[in-house]
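Visitor: Following this message is one structure expressed as structure tokens.
Right, here's the structure in full:
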């Protein structure tokens, strides 16, 4: 049985719908304080993680997929239950390790409890579009040069465990993704290309970058020329809708392989 630990954003709902259509209806779980767009079957507190994992085992869960945005919560010492107390040192170490470090720590903890952690793209491979230009508009030579600069920015952001996107305009980095996320960064921009990719070396079973129709519309509204995403590294929710939005405005979507 599969448990879907759902955060905020559109990904959990899309994933649930696609899995259900395939005949795999996951048990939807949500951490208290982070309400997904689909109704959870189980809600848990981080302070009750040990009890939550025992409950999953009792339900026959063997695989876990984490999808959607969840910010690192503070741990309330007064709420920790007996089953979770032995895990607190590991949880605190994970929470202090940055976004990528926290995910690695949580994945390791889940695996140590006998669960197989699977990524959303592993469960639904069509979320990863094929390599190439997906739109009628194509990137210019200048856009391709800006994409090369985006590679370097991703290395910088990854080293700082900061973000997974940037905006490049004619050789100049005009915005880097911060805690507010990609869409907030785009809405503050005017012109350029959006470059989005995973952090170098990140565990791709969790927090794989995502774009969707809202990202495309925000790019149009900001006057961007197009979107560049890493081949095999960025999921696209509703590719058909993304292409329609970009085609209507003359923007490109380039699924780019690493050079």
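Numbering (the working numbering), first residue to last: 68 to 326. Glycine included, C-beta positions come from ideal geometry on N, C-alpha and C. Just so we're clear, the structure is a prediction, and the values are computed from it rather than from any experiment.
Ignoring anything shorter than 4 residues, give me the alpha helix (DSSP H) runs that lie fully in the segment 89-157, in order along the chain.
Guide: Runs found: 116-125.
Visitor: Considering only DSSP beta bridges, list what residue 232 is partnered with.
Guide: In the DSSP output, where bridge partners are listed per residue, residue 232 has 263.
Visitor: Which of helix, strand or coil does DSSP assign to residue 199?
Guide: Note: residue 199 maps to strand in three-state DSSP.
Visitor: Run the CB neighbour count on residue 13, radius 10 Å, all protein chains shown included, and call it buried at 16 or more, exposed below.
Guide: Nothing can be reported for residue 13, as the shown portion of the chain is limited to 68 through 326.
Visitor: By Cβ distance below 6 Å, which residues in the same chain neighbour residue 104 in space, the five residues on each side in sequence not counted?
Guide: Cβ neighbours of residue 104 beyond the five flanking positions: 80.
Visitor: Have a look at residue 307 and residue 149 and give me their C-alpha separation to the nearest angstrom.
Guide: Computed Cα separation, rounded: 49 Å.
Visitor: Any idea if residue 285 is buried or exposed, counting beta-carbon neighbours within 10 angstroms, 16 or more meaning buried?
Guide: By the neighbour-count rule (16 or more Cβ atoms within 10 Å), residue 285 is buried.
Visitor: What are the boundary residues of the alpha helix (DSSP H) that includes residue 239?
Guide: Unbroken run through residue 239 is the beta strand (DSSP E), 239-243; no alpha helix (DSSP H).
Visitor: On the premise that residue 73 lies in contact with residue 107, defined as a C-beta separation below 8 Å, what is that separation, rounded to the nearest angstrom?
Guide: Correct: roughly 7 Å between the Cβ atoms.
Visitor: Where does residue 320 fall in DSSP's three states?
Guide: Strand at residue 320.
Visitor: So what's residue 309 in DSSP terms, helix, strand or just coil?
Guide: It is helical.
Visitor: Assign residue 315 to buried or exposed, taking buried as 16 or more other Cβ atoms, counted over all protein chains shown, within 10 Å of its Cβ.
Guide: Exposed: under 16 other Cβ atoms inside 10 Å.
Visitor: Report the three-state DSSP secondary structure of residue 188 (helix, strand or coil).
Guide: Looking at residue 188 - three-state DSSP - the assignment turns out to be helix.
Visitor: Between 287, 178, 123 and 84, which lies nearest to residue 253 when the distance is taken from Cα to Cα?
Guide: The shortest C-alpha separation from residue 253 is found at 287.
Visitor: I need the straight-line Cα distance from residue 238 to residue 210, nearest angstrom please.
Guide: Roughly 9 Å separates the two Cα atoms.
Visitor: Buried or exposed: which applies to residue 68, given that a residue is buried once 16 or more other Cβ atoms fall within 10 Å of its Cβ?
Guide: Result: exposed.
Visitor: Do residue 151 and residue 310 count as a contact pair if the criterion is CB distance below 7 Å?
Guide: Not closer than 7 Å, so no.
Visitor: If you measure between the beta carbons of residue 243 and residue 290, is that distance less than 7 Å?
Guide: Contact flag unset, no.
Visitor: Which residue from 89, 229 and 94 puts its Cα closest to that of residue 169?
Guide: Of the listed residues, the one whose Cα sits closest to residue 169 is 229.
Visitor: Is any non-hydrogen atom of the ligand NAP found closer than 6 Å to the C-beta of residue 235, if you look at the structure I gave you?
Guide: Absent from the structure shown: the ligand NAP. Ligands present: none.
Visitor: Which residues does DSSP pair with residue 282 in a beta bridge?
Guide: Residue 282 is not bridged to any residue.
Visitor: Following the continuous alpha helix (DSSP H) through residue 251, name the residue where it begins and the one where it ends.
Guide: It spans 249-254 - the alpha helix (DSSP H) in which residue 251 sits, taken as one unbroken run.
Visitor: So residue 116 and residue 154 are supposed to be a Cβ contact under 8 Å. How far apart are they, rounded?
Guide: About 6 Å; that satisfies the 8 Å criterion.
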